[in-house]
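Chemist: Residue numbers (the working numbering): 3 to 424.
Built from N, CA and C at the ideal position, the CB exists for glycine as well.
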Amino acid sequence: MSDAGALDSSEGMALSSNEIPRWADQPTPSTPEEWIARARAVARVLAADAVQRDRAGTPPTAEVRLLKESGLVTLLGPAEHGGAEQHWTTACRVVREISAGDGSIGQLLGHHYVWAWAMRLVGTPEQIAETDELYTTRAHFFGGVVNPRDRDLIVTDEGETLLYRGKKSFSTGAKIADLLVVEGTLEPGDQSVFAVVPARQDAITFGDDWDNLGQRLTVSGSVEITDLRVPWSAAAGYVDKRFRASAFSTLHVPALHLVFANLYLGIAQAALRAGVAYTRGHTRAWPYGGEGKNSGTEEFYVLEGYGDLQSKLWAAETLTDTAGASLAQLLHSDRDGVTREMRGRAAVLVSAAKQRTIDVGLEIANRIYELTGARATSNAVGLDLYWRNLRTHSLHDPVAYKRVEVGRYALLGDLPTPSAYT
3 MSDAGALDSS
13 EGMALSSNEI
23 PRWADQPTPS
33 TPEEWIARAR
43 AVARVLAADA
53 VQRDRAGTPP
63 TAEVRLLKES
73 GLVTLLGPAE
83 HGGAEQHWTT
93 ACRVVREISA
103 GDGSIGQLLG
113 HHYVWAWAMR
123 LVGTPEQIAE
133 TDELYTTRAH
143 FFGGVVNPRD
153 RDLIVTDEGE
163 TLLYRGKKSF
173 STGAKIADLL
183 VVEGTLEPGD
193 QSVFAVVPAR
203 QDAITFGDDW
213 DNLGQRLTVS
223 GSVEITDLRV
233 PWSAAAGYVD
243 KRFRASAFST
253 LHVPALHLVF
263 ANLYLGIAQA
273 ALRAGVAYTR
283 GHTRAWPYGG
293 EGKNSGTEEF
303 YVLEGYGDLQ
313 SKLWAAETLT
323 DTAGASLAQL
333 LHSDRDGVTR
343 EMRGRAAVLV
353 SAAKQRTIDV
363 GLEIANRIYE
373 LTGARATSNA
383 VGLDLYWRNL
393 RTHSLHDPVA
403 YKRVEVGRYA
413 LLGDLPTPSA
423 YT
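(1) State the beta-bridge partners of Pro233 as determined by DSSP.
(2) Pick from Ala176, Asp180, Gly307 and Val199: whose alpha carbon is nearest that of Thr374?
(3) Alpha carbon to alpha carbon, how far is Ser251 from Arg218?
(4) Would you say Trp389 touches the ligand ADP, meaning its beta carbon is less than 7 Å from a heavy atom?
(5) So which of Glu35, Ala247 and Leu253 has the shortest CA-CA distance to His334?
(6) Please classify Thr285: is it buried, with 16 or more other beta-carbons within 10 angstroms of its beta-carbon, or exposed?
(7) Is it the case that the segment 164-183 contacts the segment 136-146, given that we only count it when at least three CB pairs across the two stretches are under 8 Å?
(8) Can you find the residues in the same chain that come closer than 8 Å, C-beta to C-beta, to Ala376, ignoring five residues on each side of it along the sequence?
(9) From this set, Thr299, Leu110, Leu265 and Val340, which residue's C-alpha is nearest Ser222's C-alpha?
(10) Which same chain residues end up closer than 7 Å to Thr76 when comparing Cβ atoms and leaving out the 5 residues on each side of it in sequence?
(11) Rounded to whole angstroms, what's the CA-CA distance from Tyr388 to Thr324? Just pull it up for me.
(12) So, with DSSP's three-state summary, where would you put Lys243?
(13) Are Glu189 and Gly209 close, meaning C-beta to C-beta below 8 Å?
(14) Between His395 and the rest of its own chain, which residues show a CB-CB distance below 6 Å, the 5 nearest in sequence each way excluded?
(15) For a quick check, are the C-beta atoms of Gly73 and Trp25 less than 8 Å apart?
(16) Do you know how far the Cα of Gly268 is from the Cα of Ala363?
(17) Rounded to whole angstroms, what's the CA-CA distance from Trp117 to Gly294? Just pull it up for me.
(18) Could you give the DSSP three-state label for Gly277: helix, strand or coil?
(19) Taking its Cβ as the centre, do 16 or more other Cβ atoms sit within 10 Å of Lys404, making it buried, or is it exposed?
(20) Could you have a look at Val255 and say whether DSSP puts it in helix, strand or coil?
(21) Does the distance from the CB of Ala355 to the CB of Ala257 come in under 8 Å?
(22) Give the single residue among Pro34, Arg410, Val304 and Leu392 whose Cα lies nearest to the Cα of Asn214.
(23) Please check the pair Gly168 and Asp154, which I expect to be a contact at CB under 8 Å, by giving their CB distance rounded to whole angstroms.
(24) When the Cα atoms are used, what is the spatial distance from Glu162 to Ser224?
(25) Does DSSP put Gln28 in a helix, a strand or coil?
(26) So, are the CB atoms of Ser171 and Asp192 less than 8 Å apart?
(27) Counting only the same chain and skipping the five closest in sequence on each side, list residues whose C-beta sits under 8 Å from that of Val304.
(28) Sort Trp90, Pro127 and Ala131 by Cα distance to His114 and report the nearest one.
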């Protein structure tokens, strides 16, 4: 259950403050509870000036540095290389906490976790070992040049190497990343080829064209790739130029959507807390109610409203935790231990969690205005940040299709067919 008073941005220190905790001087967390507490402390720093940073729109290099210094970037990394080697259930909670502090940074961290783990799902043993050691020992941050909806990045087989040419319209986190997961279409045919490459190289040009309603610090703009050559040995999951497909290798898609559900939950939690804090301190009772109330906290409709929203949020949290536990078990399984049926049931739960967190989150971000009052619409208050972030990211893919997936399972027993969005 969320705690309405767990994260108060007024208690935090701005990212630019010299008083930000020096994580190196503190004991390294060792348990899930300690890592979640570390994430909550980082979220307090982010929340203190989240509105101001969102309006400035500066690429989040300082924010990513904060994630690295706090140890959150290597949360899932193997212990032998200095990582925390935590479970995916902990990673989801960490994404949720960071998203409550700043939705943009929560999204970046969630994408990082998925792309850092992706090689374990699709890669060869040699590729997995190389990627784990590379990113964990150096605390490298991942971004994605992945948008499978469009065939706009073409891959050509040159014998020993692959040639990537083209453009991607969206590339979350790529501009501030150290490593990129690059996805293109191998011609002839329609097979996707993923590879991990350094983000800073002449073949990759980032467009400064991300100027959207919300999630403004995710730097999710376009990327142009010109003559990027990658050895076949770096093509994730390919052996002798053939991809080794399995149910396990498709888990990165529900993992990404599970991250989205936790992103939405974190934003929704923060929105409700912000509304509660404002109502407690500023919302006035309606003087014409005829009952002589002294504060907005005594208003019947305010109490009823927060009770309704908190109940819905608790239910969404429980559903998301259930979905997370189901999928996390598979993410930590052996490649041959995951069947299509196991994958499908977990994906249905993730779809249910995603569509519920969107609906509940948007309702909270909208209705808090009814419960806080007209003065809460002031730009100085900044309540609009939650709705803008949720509304923007919830359009990633049509949520109606998630409801249909759940409906087909409930009505017909059908499991979703693995795809780029399922």
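Modeler: Reading from the atomic positions:
(1) Thr163.
(2) If you compare the alpha carbons of Ala176, Asp180, Gly307 and Val199 with that of Thr374, the shortest gap goes to Gly307.
(3) In a straight line, the C-alpha of Ser251 is about 31 Å away from that of Arg218.
(4) Looking at this structure, you won't find the ligand ADP or any other ligand, since it has none at all.
(5) Of the listed residues, the one whose Cα sits closest to His334 is Leu253.
(6) Thr285 should be labelled buried.
(7) Per the Cβ contact rule, the segment 136-146 is in contact with the segment 164-183 (3 or more Cβ pairs under 8 Å).
(8) So the list is empty, once near-sequence residues are dropped.
(9) Looking at the Cα atoms, Leu110 is the closest of the given residues.
(10) For Thr76, the CB contacts under 7 Å within the same chain, skipping 5 residues up- and downstream, are Gly84, Gly85, Ala86, Thr138 and Ala141 in chain order.
(11) Going from the Cα of Tyr388 to the Cα of Thr324 covers about 25 Å.
(12) When secondary structure is reduced to three states using DSSP, Lys243 falls in the coil class, being assigned neither helix nor strand.
(13) At least 8 Å separates the beta-carbon of Glu189 from that of Gly209.
(14) Only Gln217 meet the Cβ criterion.
(15) The answer is yes: Cβ separation under 8 Å.
(16) Per the sequence shown, the amino acid found at residue 363 is Gly instead of Ala. If I take the Cα positions, the gap works out to 9 Å.
(17) Taking the straight line from one Cα to the other gives about 57 Å.
(18) Note: Gly277 maps to helix in three-state DSSP.
(19) A residue is called buried once 16 or more other Cβ atoms fall within 10 Å of its Cβ, and Lys404 is buried on that count.
(20) Per DSSP, reduced to three states, the secondary structure at Val255 is helical.
(21) Not closer than 8 Å, so no.
(22) Nearest option by C-alpha distance: Leu392.
(23) With 8 Å as the limit, Gly168 and Asp154 qualify as a contact, their Cβ atoms being about 5 Å apart.
(24) In a straight line, the C-alpha of Glu162 is about 28 Å away from that of Ser224.
(25) Annotated three-state conformation of Gln28 is coil, per DSSP.
(26) Cβ distance not < 8 Å, so Ser171 and Asp192 don't count as in contact.
(27) Excluding positions up to five away in sequence, the list reads Thr281, Thr285, Gly298 and Leu373.
(28) When the alpha-carbon of His114 is set against those of Trp90, Pro127 and Ala131, the nearest one is in Trp90.
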